[in-house]
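Note sheet for the following structure.
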Amino acid sequence: MRVLIVDDHPVTRDGLRSALSTSKEVEIVGESQTGEEAVEAAKSLGPDVVFMDVRMPGMGGLEATKIIRDSCPDTKVILFTIEESREAVADAIRAGVSGYLLKDASATELIQAAKLAMEGKAVIHPTLTRAFIEEVQFVERPPETPLSRRESQILQKVAYGATTKEVAHDLGISAHTVKTHLERIFEKLGANDRAQAVAIALRKGLVD
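Here's what the structure looks like:
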């Protein structure tokens with residue numbers, strides 16, 4: 045996993061670098077001190093995962109995340125912060141992050157979060173309950189086009205953490221077909237990725 049670290053505090057960057065470097069699966073490709081630097085680094089380095097601080101001088105982490113998600117859709121962003129208010133987490137999820145961790149996360153939690161983010165799964169700090177996440181409103185109205193039976197089946201399995209290959213195997217269809225259905229699901233729900241689609245579906249009671 046190619047990782048970019050973004051934080052305006054050198055001590056925090058050092059800590060993140062040390063923690064992530066404990067895994068042979070992680071390659072740290074760059075470090076940035078500001079949101080502006082993070083956007084440029086994401087475009088030039090193409091990291092798989094960005095660990096992003098929320099509050100920095102100039103462009104903050106949320107704004108940088110939105111730009112990175114638009115310009116580098118394959119890059120996953122995990123916010124790494126001391127802020128755990130309901131509003132802060134809601135803003136983060138709306139920005140399209142793949143995870144939200146507090147700065148007391150262990151090296152194991154950081155590495156696992158990066159792995160899950162690359163699989164399209166949402167990673168939220170354990171102190172933030174599922175009940176709270178379900179309260180976050182991504183879309184105020186129901187989708188104009190209801191999900192088909194097959195799309196509902198696929199979304200339910202994704203909500204349980206199944207990968208594309210696992211969904212394909214369970215339903216007896218190809219991985220390409222699963223990906224096509226997921227694209228339609230994202231479009232219908234107004235979601236950018238799996239994590240956001242699942243969060244919207246939970247909110248609307250479309251999955252268990």
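At position 177 of the sequence shown (counting the first as 1) the number is 221 in the numbering used here, and the numbers step up by one without a gap.
The C-beta atom is built at its ideal place from N, Cα and C for all residues, glycine as well.
Being a predicted model, the structure only gives us computed values, none of them experimental.
Discussion item. Out of Gly-79, Asp-214, Ser-218, Tyr-204, which one is the CA nearest neighbour of Arg-238?
Written reply: Tyr-204
Worksheet item: Of the choices Pro-190, Lys-120, Ala-136, whose alpha-carbon is the least far from that of Lys-165?
Response: Here the closest residue by C-alpha is Lys-120.
Worksheet item: If you draw a straight line from the alpha carbon of Ala-206 to that of Asp-214, how long is it in whole angstroms?
Response: 10 Å
Discussion item. To the nearest angstrom, how far is the alpha carbon of Val-83 from that of Pro-101?
Written reply: 14 Å
Discussion item. Relative to the C-alpha of Val-98, which candidate in Thr-56, Ser-88, Cys-116, Leu-199 has its C-alpha closest?
Written reply: Thr-56
Item to complete: Take every Cβ of the stretch 219-232, pair it with every Cβ of the stretch 148-155, and state whether three or more of those distances are shorter than 8 Å.
Response: no
Worksheet item: Run through DSSP, which three-state label would Pro-187 get?
Response: Any reading at Pro-187 must be qualified, since the residue scores a pLDDT of 47, below 50, and its modelled position is unreliable; no value is offered.
Discussion item. Checking 8 Å against the spacing of the C-beta atoms, do Lys-110 and Gly-140 come in under that value?
Written reply: yes
Worksheet item: How long is the line joining the alpha carbons of Gln-197 and Gln-77, rounded to whole angstroms?
Response: 43 Å
Worksheet entry | Beta-carbon proximity of Gly-79 to Leu-48, cut-off 8 Å | no
Worksheet item: To the nearest angstrom, how far is it from the Cα of Thr-125 to the Cα of Leu-106?
Response: 11 Å
Worksheet entry | For Ser-62, the three-state DSSP class (helix, strand or coil) | Note: Ser-62 maps to helix in three-state DSSP.
Discussion item. Classify Thr-66: buried if its beta carbon has 16 or more other beta carbons within 10 angstroms, exposed otherwise.
Written reply: exposed
Practice prompt. Sort Leu-233, Leu-160, Asp-148 by Cα distance to Val-93 and report the nearest one.
Written response: The option with the nearest alpha carbon to Val-93 is Leu-160.
Worksheet item: Just how far apart, CA to CA, sit Gln-181 and Met-103?
Response: Model confidence at Gln-181 stands at a pLDDT of 43, short of 50, so the residue's coordinates are unreliable and nothing is read from them.
Worksheet item: In the DSSP assignment, what residue or residues form a beta bridge with Ala-71?
Response: Per the sequence shown, the amino acid found at residue 71 is Glu instead of Ala. Answer is Arg-46.
Discussion item. Using only the alpha-carbon positions, how far apart do Asp-148 and Ser-142 sit?
Written reply: 18 Å
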